[in-house]
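In my numbering, the protein residues as written are 0 to 488.
All C-beta atoms in this analysis are idealised placements derived from N, C-alpha and C, irrespective of residue type, glycine included.
Listed below in structure tokens is the structure:
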């Protein structure tokens, strides 16, 4: 019997940087978003720690999103008005808004009060809503035909909701004044969230809704801008972009300041509520990065549409993350290495999206929990403590900012970039030179950076190094599985 031939050790991954040649200057805001998750209520034991963690990120344009799965919080007019009364009630929603705005500490924020009351749609039966504030109502968004096809009823609803937070209150359908005392300012108002799923609103109707809502809300704050589309990750249908971005399809004077869409890498999911039948975690790495690269091609295509039709419109990819296989499992089995893998994927995508000139990247999402897509959370749902995905976001926020110039960076041999790592050099606005390196594998990788000669410092996140600074030795660094590293020199 012949012996199995020895497998030669892989050579170091080599990074080359031309610091004198820069390609683009970053214009990308890096941020996150928070939805009205039950564990973030004020009576929750993790409330204070969670909002402290949000505050410590110090991000601009954090996005606030009351989500349809919990309509008693997200929909302040839960039933239609009658001849004698209305159902307006902000008692459950206000604390979330107040705590979110307080955590922003005066930095600009984005509002997305996304949910249209389902009673505004034609449905066979009224949609029942449980009194249990913790219950998920995945079936709340029903119907695809508005009972008022002119969109006026929907626009009036959002005008009153926005007035509650911007203008101190509003007059309801019966002529009664509701005083709030709020005088918040939102840098952007995003119109709906993921309209392509749920109600499955087609591009033509969405554009009509957008125009009607923006026309009503714009006078409330002349400085407030508007974001359209907010498409899900399910499938980025080109017609949404072709139709919505065409100025000919909008009413005169209606601005399209920005568009948004989402991306979540996910394994092959057979059973979202349990582990049985799904792709094993050993397969996730290859799937995630393949999907990430495919998404980047979608971004290039979508941006070509934007540049052709409305080049002045910004692009926000304001939900970016990954799913584990049992995405909706109330008792999820998420391996520890998933969080490191997810952090490396989000960091790789951020670096590529900065290179592509995307205006905003939002790492999704600040808080989730078992049964509610826990794999996208940035904090632990039991303790409120930041996890690896949070630390990876914080690492980028500490080291990089808009105005940083990207220097020409290559890996491996000419024409054959090293697939184990992603590297991008930055000449920061502060004058410092920094090199971001992402280990895209489950193995330790030796990275050689010839021009370091021991001058730099390394800050990294990974499986065995949560955070901390270590000196560079002889122009090489050892990066643990899925490590994210920033070399400053």
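Which term fits residue i, buried or exposed, when burial requires 16 or more other beta carbons within 10 angstroms of its beta carbon?
| i | result |
| --- | --- |
| residue 463 | A caution first: residue 463 carries a pLDDT of 48, below 50, which makes its placement in the model unreliable, though a value can still be read off. Burial call: exposed. |
| residue 413 | exposed |
| residue 138 | exposed |
| residue 9 | exposed |
| residue 176 | exposed |
| residue 417 | buried |
| residue 373 | buried |
| residue 329 | exposed |
| residue 173 | exposed |
| residue 19 | exposed |
| residue 160 | buried |
| residue 311 | exposed |
| residue 221 | exposed |
| residue 251 | exposed |
| residue 320 | buried |
| residue 83 | exposed |
| residue 182 | exposed |
| residue 240 | buried |
Is residue i helix, strand or coil when you go by DSSP?
| i | result |
| --- | --- |
| residue 320 | strand |
| residue 385 | strand |
| residue 446 | strand |
| residue 345 | helix |
| residue 306 | helix |
| residue 243 | helix |
| residue 463 | Below a pLDDT of 50, predicted positions are generally treated as unreliable, and residue 463, at 48, falls in that range; the measurement from the model is reported next regardless. Coil. |
| residue 439 | coil |
| residue 129 | coil |
| residue 290 | helix |
| residue 121 | coil |
| residue 264 | strand |
| residue 18 | strand |
| residue 495 | Outside the displayed span of the chain (0 to 488) sits residue 495, for which this structure offers no information. |
| residue 142 | coil |
| residue 32 | strand |
| residue 228 | strand |
| residue 476 | strand |
| residue 361 | strand |
| residue 300 | helix |
| residue 109 | strand |
| residue 238 | helix |
| residue 115 | coil |
| residue 333 | coil |
| residue 104 | coil |
| residue 482 | coil |
| residue 280 | helix |
| residue 208 | helix |
| residue 219 | helix |
Please check the pair residue i and residue j, which I expect to be a contact at CB under 8 Å, by giving their CB distance rounded to whole angstroms.
| i | j | result |
| --- | --- | --- |
| residue 434 | residue 486 | 4 Å |
| residue 334 | residue 280 | 5 Å |
| residue 153 | residue 77 | Not really, about 15 Å apart at Cβ, beyond 8 Å. |
| residue 297 | residue 264 | Incorrect: roughly 13 Å between the Cβ atoms, too far for contact. |
| residue 270 | residue 325 | 7 Å |
| residue 187 | residue 212 | Their Cβ separation, rounded to whole angstroms, is 13 Å, which puts residue 187 and residue 212 out of contact at 8 Å. |
| residue 308 | residue 244 | 4 Å |
| residue 424 | residue 445 | In fact, because the Cβ distance is near 19 Å, the residues do not count as touching under 8 Å. |
| residue 256 | residue 230 | Contact flag wrong, Cβ pair sits at about 16 Å. |
| residue 133 | residue 37 | 5 Å |
| residue 92 | residue 70 | Between residue 70 and residue 92 the Cβ distance is about 11 Å, and since that is not below 8 Å, they are no contact. |
| residue 206 | residue 234 | At roughly 19 Å, the Cβ-Cβ gap does not stay under 8 Å, so residue 206 and residue 234 are not in contact. |
| residue 362 | residue 377 | 7 Å |
| residue 46 | residue 54 | Actually they are not in contact, since the Cβ atoms of residue 46 and residue 54 sit about 12 Å apart, beyond 8 Å. |
Given a cut-off of 8 Å on the beta-carbon distance, is the pair residue i and residue j in contact?
| i | j | result |
| --- | --- | --- |
| residue 135 | residue 63 | no |
| residue 50 | residue 102 | yes |
| residue 352 | residue 58 | no |
| residue 489 | residue 179 | This structure gives no information on residue 489, because the portion of the chain shown stretches from 0 to 488. |
| residue 392 | residue 56 | yes |
| residue 359 | residue 30 | yes |
| residue 438 | residue 389 | no |
| residue 142 | residue 117 | yes |
Should residue i be flagged as near chain C, meaning a C-beta pair shorter than 8 Å?
| i | result |
| --- | --- |
| residue 333 | Of the chains in the structure shown, none is chain C; there is only one protein chain. |
4-residue-minimum alpha helix (DSSP H) runs that sit fully inside the region 151-203, ordered along the chain: Within the region 151-203, the complete alpha helix (DSSP H) runs of at least 4 residues are 151-165.
Pick out the complete alpha helix (DSSP H) segments inside the region 34-101, 4 residues or longer, and give them in chain order. DSSP runs (the alpha helix (DSSP H)) wholly in the region 34-101: 46-56, 70-73.
Would you list, in sequence order, the uninterrupted beta strand (DSSP E) runs of no fewer than 3 residues that lie entirely inside the region 376-434? Uninterrupted beta strand (DSSP E) stretches at least 3 residues long and entirely within the region 376-434 occur at 404-410, 420-426, given in chain order.
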